[in-house]
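Worksheet: one structure, shown below.
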Amino acid sequence: MEVTTLFTLSLLLVSFTTKGESANPNGILPPAVVDVSGNELRKGEYYHLIAWPSKPLPIGVVSSISPLVNRNGTCWVQHKIERFVIDPQPTPSIPVKFSPILPDEDEFIRESTFLNIQFPDAAVSHVCGDSLWKVINRPDQVFGQQFVVVGDNSGFTRPGWFKIERYSEQPLREYKLLWCPVYVLDQSVRSSDDCQTIGIFADSDGIERLSLADTSVPFAFRASAEPQSDQHLKNEYF
Numbered sequence: 001m002e003v004t005t006l007f008t009l010s011l012l013l014v015s016f017t018t019k020g021e022s023a024n025p026n027g028i029l030p031p032a033v034v035d036v037s038g039n040e041l042r043k044g045e046y047y048h049l050i051a052w053p054s055k056p057l058p059i060g061v062v063s064s065i066s067p068l069v070n071r072n073g074t075c076w077v078q079h080k081i082e083r084f085v086i087d088p089q090p091t092p093s094i095p096v097k098f099s100p101i102l103p104d105e106d107e108f109i110r111e112s113t114f115l116n117i118q119f120p121d122a123a124v125s126h127v128c129g130d131s132l133w134k135v136i137n138r139p140d141q142v143f144g145q146q147f148v149v150v151g152d153n154s155g156f157t158r159p160g161w162f163k164i165e166r167y168s169e170q171p172l173r174e175y176k177l178l179w180c181p182v183y184v185l186d187q188s189v190r191s192s193d194d195c196q197t198i199g200i201f202a203d204s205d206g207i208e209r210l211s212l213a214d215t216s217v218p219f220a221f222r223a224s225a226e227p228q229s230d231q232h233l234k235n236e237y238f
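If you read the sequence shown in our numbering, its first letter stands for residue 1, the second for the next number, and so on.
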């Protein structure tokens with residue numbers, strides 16, 4: 001099972017040597033990731049992802065990141081730009097939380113550290129199954145892209161973790177997302193030398209999905225209210 005594989009890799013990462021990066025190299029922590037208000041991102045809290053945050057949107061237009069149900073139950077991670085005047089109930093952005101792989105007493109999410117990214121279980125599990133972000137293990141047969149997906153995709157995704165790295169400082173602090181494949185060799189977790197950036201792929205119908213790309217997309221983060229009950233999330237997002 002995919003979840004078992006990721007859990008096993010997490011345990012190995014804690015138990016054995018990791019190539020390429022440690023949580024606290026030379027005793028110096030990487031800078032904390034900050035949201036659009038300048039506050040540090042915290043473990044266990046939820047944030048909305050904003051693509052191209054410096055690009056102004058017209059009044060009445062909203063940008064969202066949410067799952068899109070695909071064939072065979074796979075759920076792509078979708079980016080949408082919607083107008084309220086066309087769709088009075090546009091698909092709201094579903095927040096995500098970031099969980100560092102390496103154990104650390106520090107409460108903040110930091111740049112250039114291995115992470116899992118996850119939607120709230122209550123918001124997507126009844127539609128997609130597993131809420132953990134993954135990347136399919138080979139280019140999609142239709143679009144030739146390696147998409148970011150959620151759901152029960154055992155056998156179709158490749159073990160890996162994400163990173164957040166600095167993209168720019170002006171006019172506000174922006175970040176890029178990277179995906180890093182992992183593998184186990186001699187009871188050591190090896191990773192990160194060939195991380196790939198996350199971009200946005202648009203098909204001929206204008207549907208945009210997050211995928212591995214040569215060109216990164218800038219992202220920012222906006223704090224979200226903590227998810228409430230399962231029923232609240234189901235009513236709000238689906």
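Glycine included, each C-beta is placed from N, C-alpha and C at the ideal position.
Taking C-alpha atoms, which residue in the options lies nearest to residue i?
i	options	result
P120	V127, F108, W133 and V96	V96
W242	R222, F219, K163 and F156	Nothing about residue 242 can be read from this structure; the chain reaches only from 1 to 238.
K134	S125, H126, V127 and V149	V149
S54	Y175, I200 and P30	Y175
A123	Y183, P67, D106 and K43	P67
Please report the straight-line C-alpha distance between residue i and residue j, rounded to a whole angstrom.
i	j	result
F143	S211	11 Å
R166	F98	16 Å
P218	P100	21 Å
D194	R222	29 Å
Q141	A213	16 Å
W179	I28	23 Å
A32	S168	15 Å
S216	I200	8 Å
G129	R158	17 Å
A51	Q196	17 Å
Y183	F147	20 Å
R42	D104	12 Å
R209	A220	17 Å
I136	V34	29 Å
Buried or exposed for residue i, please, with buried defined as at least 16 other CB atoms from any protein chain shown within 10 angstroms of its CB.
i	result
D205	exposed
A202	exposed
R110	buried
V85	Confidence at V85 is low in this model, with a pLDDT of 42, below 50, so its placement is unreliable and the value that follows should be read with caution. Exposed, because fewer than 16 other Cβ atoms sit within 10 Å of the Cβ of V85.
Q170	exposed
Q89	Low confidence applies here, because Q89 scores a pLDDT of 46, under 50, leaving its location unreliable; read the following figure in that light. Q89 comes out exposed.
A225	exposed
S37	exposed
P138	Here residue 138 turns out to be Arg, not Pro, going by the sequence shown. Exposed, since its Cβ has fewer than 16 Cβ neighbours within 10 Å.
Starting from residue i, follow the alpha helix (DSSP H) in both directions and report where the run begins and ends.
i	result
A122	D121 to C128
Looking at residue j and residue i, is the spacing between their C-beta atoms short of 8 Å?
i	j	result
F162	L172	no
L115	I164	yes
I207	Q78	yes
P181	G160	yes
P108	E45	The question names Pro, but residue 108 in the sequence shown is Phe. No; because the gap between Cβ atoms is not below 8 Å, this pair is not in contact.
S93	H126	no
S131	Q145	no
P30	T113	yes
Residue range of the beta strand (DSSP E) that residue i falls in?
i	result
W133	From DSSP, W133 is part of no beta strand (DSSP E); its letter is neither H nor E.
N116	L115 to Q118
S211	E208 to A213
Q196	Q196 to A202
R166	G160 to S168
P100	K97 to P100
A220	F219 to A223
Y47	Y47 to A51
V148	V148 to V150
Is there at least one Cβ from chain C nearer than 8 Å to residue i's Cβ?
i	result
I207	Absent from the structure is chain C; it holds one protein chain and no more.
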